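> Have a look at the structure that comes next, please.
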Amino acid sequence: MNIVVLVKQVPDTNSERRLTDSDHTLDRASADVVLDEINERAVEEALRLQEAHGGEVTVVTMGPDSATDALRKALSMGADKAVHLSDAALHGSDAVQTARALAKVIGTVEGVDLVLAGNEATDGRMGAVPAMVAEVLGLPALTHARKVEVDGSTVRVERETDEGVAFVEAALPALVSVGEKINEPRYPSFKGIMAAKKKPVTTLGLADAGIDAAEVGLANAATTVVEAAPKPPRSGGQKVEDAGDGGVRIAEFLAAQKLI
Amino acid sequence: MDFQESDEHRALRSAVAALAAKYGHEYWVEKARSGEKTTELWAEAGRLGYLGVAVPEEYGGGGGGITELSIVCEELAAGGCPLLLLVVSPAIAATVIARSGTPEQRGTWLPGFADGSVRMSFAITEPDAGSNSHRITTTARRDGDGWRLTGRKVFISGVDETDTTLVVSRLADSRTGKLRPAMFLVPNDAPGVEYQPIPMEFTSPERQFTMFFDDARLPEESLVGGEDAGLAALFAGLNPERITVAAYACGIGRYAVSKGAAYAGSRSVWGRPIGAHQAVAHPLAKAHIEVDLASLATRRAAWAYDADDPATGEYANSAKYAAAEAAIGAVDAAVQAHGGNGMTSEYGVGTLWGAVRAARIAPVSREMILNFVAQHTLGLDRSY
Ligand SMILES: Cc1cc2nc3c(=O)[nH]c(=O)nc-3n(C[C@H](O)[C@H](O)[C@H](O)COP(=O)(O)OP(=O)(O)OC[C@H]3O[C@@H](n4cnc5c(N)ncnc54)[C@H](O)[C@@H]3O)c2cc1C
Ligand SMILES: Cc1cc2nc3c(=O)[nH]c(=O)nc-3n(C[C@H](O)[C@H](O)[C@H](O)COP(=O)(O)OP(=O)(O)OC[C@H]3O[C@@H](n4cnc5c(N)ncnc54)[C@H](O)[C@@H]3O)c2cc1C
Chain A
1 MNIVVLVKQV PDTNSERRLT DSDHTLDRAS ADVVLDEINE RAVEEALRLQ EAHGGEVTVV
61 TMGPDSATDA LRKALSMGAD KAVHLSDAAL HGSDAVQTAR ALAKVIGTVE GVDLVLAGNE
121 ATDGRMGAVP AMVAEVLGLP ALTHARKVEV DGSTVRVERE TDEGVAFVEA ALPALVSVGE
181 KINEPRYPSF KGIMAAKKKP VTTLGLADAG IDAAEVGLAN AATTVVEAAP KPPRSGGQKV
241 EDAGDGGVRI AEFLAAQKLI
Chain B
1 MDFQESDEHR ALRSAVAALA AKYGHEYWVE KARSGEKTTE LWAEAGRLGY LGVAVPEEYG
61 GGGGGITELS IVCEELAAGG CPLLLLVVSP AIAATVIARS GTPEQRGTWL PGFADGSVRM
121 SFAITEPDAG SNSHRITTTA RRDGDGWRLT GRKVFISGVD ETDTTLVVSR LADSRTGKLR
181 PAMFLVPNDA PGVEYQPIPM EFTSPERQFT MFFDDARLPE ESLVGGEDAG LAALFAGLNP
241 ERITVAAYAC GIGRYAVSKG AAYAGSRSVW GRPIGAHQAV AHPLAKAHIE VDLASLATRR
301 AAWAYDADDP ATGEYANSAK YAAAEAAIGA VDAAVQAHGG NGMTSEYGVG TLWGAVRAAR
361 IAPVSREMIL NFVAQHTLGL DRSY
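So the sequence lines, in the order shown, correspond to chains A and B. Numbered according to UniProt numbering, the first sequence spans residues 1 to 260. Numbered according to UniProt numbering, the second sequence spans residues 1 to 384.
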């Protein structure tokens with residue numbers, strides 16, 4: 001079974017994240033960038049499925065040159081090869097453009113049975129790209145998976161959302177996006193790190209992937225960020241000094257907020 | 001010249017740092033307090049090949065060197081989990097066996113060092129021959145097809161969590177009768193071997209022991225490298241020990257500086273963070289610089305060792321000196337920035353005081369390093 005995992009490099013959630021003043025796109029220079037944690041879980045799931053069913057795991061990213069580090073991380077965990085779509089013209093692409101571009105890149109990988117993704121990236125938090133990629137490729141989309149099983153040519157998923165848990169299945173090929181609870185990603189072993197150096201990474205420009213430059217990038221995006229303001233600092237909150245009645249007053253506060 | 005670490009080294013750093021973060025300083029302190037061992041961390045680091053980075057590939061290791069092992073050592077310590085046994089088992093024992101062991105010894109031991117399943121202690125220090133290891137008296141003599149070992153060692157780390165100890169002793173030369181250094185692989189449970197814990201005043205999951213060898217019978221193959229290995233075999237292990245101790249101290253230093261800075265940035269008793277006062281900020285900034293410099297010296301020493309550079313000895317000594325001094329300064333600055341909290345268990349900085357203090361004494365003391373540099377680098381008269 002051949003699996004493609006869509007991975008994204010994002011600013012570390014521990015560092016301060018900002019938008020650039022000039023075009024309100026993500027300021028990548030100001031923060032440490034890492035492989036998104038949810039994508040580590042997607043890669044982990046792919047590797048587990050590969051251990052059970054064989055085949056190849058290919059990781060795919062769209063991002064600037066530095067995103068190679070995220071691919072290397074996935075390769076060091078055990079993925080077999082990587083494809084990196086990198087082109088200055090992609091800067092500022094919106095979710096639809098990103099999904100179209102990724103679909104083209106997936107098309108360059110042979111015999112794909114399953115596409116895995118994280119259900120949302122920690123930077124944009126759109127949570128839309130996986131379903132859009134499935135739409136473009138005409139694949140069934142099974143999103144928010146907390147458990148994935150493949151049986152012959154069927155993929156079964158436990159889908160967990162705020163509404164509850166649903167058991168869904170589809171025929172392969174399909175796209176599955178995974179949630180936080182899916183697994184604990186492995187740490188790359190030293191051998192994995194050394195092996196990653198020798199694994200193939202194909203870098204594609206727009207033309208290589210058959211993408212029309214007029215369809216991507218900030219200027220052609222369907223959505224525009226008009227304005228951005230930093231989150232206001234957290235206000236002091238309300239302090240309850242305990243003069244014997246602290247418990248009662250906290251309960252009153254929580255009741256007033258309709259929390260209890 | 002290129003000060004940028006390779007992609008693989010950076011990847012190793014971040015992988016080990018992530019593993020250390022999973023356990024964290026509280027785990028380490030809890031193990032030290034309860035008298036338990038850091039078994040889970042050791043086993044996981046072993047499975048991931050971090051403990052065996054320097055073991056040759058043909059024995060299942062990572063095929064790297066002391067550079068990689070130092071990265072592992074530093075990152076675990078920087079994550080609050082300094083492991084003393086790293087300095088002893090993979091850095092000394094595995095290196096000695098890989099460099100000087102017989103083919104059989106390599107085949108027997110190295111696969112276990114590669115995945116961390118083998119742990120070894122290292123015993124050189126004796127009660128009457130501390131800094132002066134030329135005076136050691138633990139002696140082996142021929143006994144049929146094996147050996148008999150007699151002597152006493154002190155401060156031997158981790159004997160209760162290792163199976164075997166690499167013991168530095170002397171051997172009567174079969175031709176000249178003169179005593180010369182030889183190393184033996186001694187099972188800790190062999191008849192005639194006893195060990196007792198030394199009560200120590202520092203927080204550490206690893207304990208120190210006195211070891212007694214009373215005519216302990218050892219098989220022929222316990223002599224490392226055979227009868228002719230000698231002094232070179234020992235020296236193969238001592239530089240890696242110094243370099244990894246330096247890495248261990250640098251890691252603790254980084255941990256302390258970051259804890260100190262985080263606390264100074266958030267604690268406020270005069271209306272703004274105490275870190276706004278230079279009396280608090282400067283010691284932390286100074287510690288940062290000194291730890292960073294020590295870390296550079298450590299990388300240089302590791303590089304020199306791996307490249308068989310003749311200056312390795314001096315570099316390893318400099319790194320060990322600088323790292324111990326920097327780490328002591330860093331922990332002291334962090335404790336001071338924490339005020340009273342610096343001395344509590346909860347804040348996890350005072351807990352490192354003993355570990356960095358030990359790095360000024362062991363494996364070679366600050367004074368002996370200064371002796372070495374005065375004599376060998378500066379060409380001054382030998383003072384001792
Ligand atoms: C935590 C810890 C773990 C250890 N683990 C191990 C281990 O696993 N295996 C092992 O073999 N050993 C171990 N040791 C022992 C360590 O290597 C020795 O303590 C160290 O080499 C110093 O020897 P000593 O304690 O006998 O001090 P001494 O040699 O008695 O020295 C005492 C003091 O005098 C100074 N001094 C001595 N000679 C001179 C001189 N000529 N000029 C100037 N100053 C001098 C020393 O610097 C030191 O400050 C450990 C020690 C500690 C503290
Ligand atoms: C062993 C021990 C016993 C104690 N016993 C008692 C006791 O019996 N009774 C009691 O009341 N208290 C006791 N204390 C508390 C002790 O008095 C306080 O720890 C001490 O006053 C420091 O206060 P703090 O810990 O809140 O540090 P903080 O005030 O938070 O200071 C933290 C660090 O910032 C520095 N700093 C703070 N403000 C400034 C500034 N404006 N400029 C420059 N530097 C600054 C401090 O010097 C310190 O290094 C004890 C503490 C210890 C460790």
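Positions of the beta carbon are idealized from the N, C-alpha and C atoms, including for glycine. The model shown is predicted, which means the values in this text are computed figures rather than measured ones.
Leaving aside the five residues before and after Thr95/B along the sequence, list all residues of the same chain whose C-beta is less than 8 Å from its C-beta, in chain order.
Within the same chain, Thr95/B has close Cβ partners Ala54, Ile66, Ala236, Gly237 and Pro240.
> Which residues, in order along the region 48-71 of chain B, keep a beta-carbon less than 8 Å from a beta-carbon of chain A?
Residues Leu48, Gly49, Tyr50, Gly52, Val53, Gly62, Gly63, Gly64 and Glu68.
> Evaluate contact between the region 36-54 of chain A and the region 81-100 of chain A, counting only Cβ atoms and requiring at least three cross-stretch pairs below 8 Å.
no
> Is there at least one non-hydrogen atom of ligand 1 closer than 7 Å to the beta-carbon of Asn371/B?
yes
> Arg72/A CB to nearest chain B CB: under 8 Å?
yes
> Under 7 Å from any heavy atom of ligand 1, does the C-beta of Val165/A make it?
Not a single heavy atom of ligand 1 lies less than 7 Å from the C-beta of Val165/A.
> Between which two residues does the alpha helix (DSSP H) carrying Trp270/B extend?
Where Trp270/B is concerned, there is no enclosing alpha helix (DSSP H), given that its DSSP letter is neither H nor E.
> I want to see whether chain C comes within less than 8 Å of Ala355/B, judged by CB atoms only; does it?
Of the chains in the structure shown, none is chain C; the protein chains are A and B.
> How many Å lie between Ala301/B and Tyr59/B at the Cα?
25 Å
> Would Phe122/B and Trp147/B be called neighbours here (beta carbons separated by less than 8 Å)?
no
> Under 8 Å between C-beta atoms, does Pro11/A make it to chain B?
no
> Tell me, please, whether the CB atom of Pro200/A is closer than 8 Å to any CB atom in chain B?
no
> Considering Leu166/B, what are the terminal residues of the beta strand (DSSP E) in which it resides?
Thr164 to Ala172
> Shortest alpha-carbon distance to Phe202/B belongs to which of Thr139/B, Ser6/B, Ala77/B and Val356/B?
Val356/B
> Secondary structure at Gln257/A, three-state DSSP: helix, strand or coil?
coil
> Thinking C-alpha only, which one of Ser258/B, Val373/B and Ala281/B is nearest Ala77/B?
Nearest in C-alpha terms to Ala77/B, of all of Ser258/B, Val373/B and Ala281/B, is Ser258/B.
> Could you give the residue range of the beta strand (DSSP E) that holds Leu114/A?
Note, Leu114/A: beta strand (DSSP E), Leu114 to Gly118.
> If we count Cβ pairs, one from each stretch, closer than 8 Å, do we get three or more for the region 194-205 of chain A versus the region 170-180 of chain A?
no
> Report the three-state DSSP secondary structure of Ala121/A (helix, strand or coil).
If DSSP states are grouped into helix, strand and coil, Ala121/A belongs with coil.
> Going by DSSP, which residues form a beta bridge with Val59/A?
In the DSSP output, where bridge partners are listed per residue, Val59/A has Val5/A and Ala82/A.
> If you follow the beta strand (DSSP E) that Asp214/B is in, where does it begin and where does it stop?
Gln208 to Pro219
> Give the interface partners of Ile260/A over in chain B, defined as CB-CB distance under 9 Å, in chain order.
In chain order: nothing, as chain B lies at least about 30 Å away.
> At least one CB of chain A closer than 8 Å to the CB of residue 391/B: is that the case?
Nothing about residue 391/B can be reported from this structure: the residues present for chain B run from 1 to 384 only.
> Which of the residues in the region 68-95 of chain A, read from start to end, lie with their CB under 8 Å from any CB of chain B?
Asp69, Arg72, Lys73 and Ser76
> So, with DSSP's three-state summary, where would you put Asp12/A?
In this structure, Asp12/A counts as coil in the three-state DSSP scheme.
> So what does DSSP say about Gly260/B, is it helix, strand or coil?
Reduced to three states, the DSSP call for Gly260/B is helix.
> Which residue or residues does DSSP assign as beta-bridge partners of Phe167/A?
Glu158/A
> Is Ser66/A close to chain B, meaning its C-beta is less than 8 Å from at least one C-beta of that chain?
With 8 Å as the cut-off, Ser66/A does not count as an interface residue toward chain B.
> Anything in the region 185-197 of chain A with a Cβ closer than 9 Å to a Cβ of chain B? List those residues in chain order, please.
Arg186, Tyr187, Pro188, Ser189, Phe190, Lys191, Gly192, Ile193, Met194, Ala196 and Lys197
> Is Asp128/B buried or exposed, if buried means 16 or more other CB atoms sit within 10 Å of its CB?
exposed
> Could you check whether Ala103/A and Val150/A sit closer than 8 Å to each other, using their CB atoms as the reference points?
no
> Measuring only the C-alpha atoms, how far is Glu16/A from Gly244/A?
40 Å
> Which chain A residues sit within Cβ distance under 8 Å of Leu19/B?
Tyr187
> Residues of chain A with CB under 7 Å from Glu8/B, in chain order?
The answer, in chain order, is Ile193, Met194 and Lys197.
> Per DSSP, what are the beta-bridge partners of Ala145/A in this structure?
For Ala145/A, which the question treats as bridged, DSSP gives the partners Arg159/A and Val178/A.
> On a CA-only basis, which of Val72/B, Ala20/B, Lys31/B and Arg152/B is nearest Asp215/B? Give me that one, please.
Closest option to Asp215/B, Cα to Cα, is Arg152/B.
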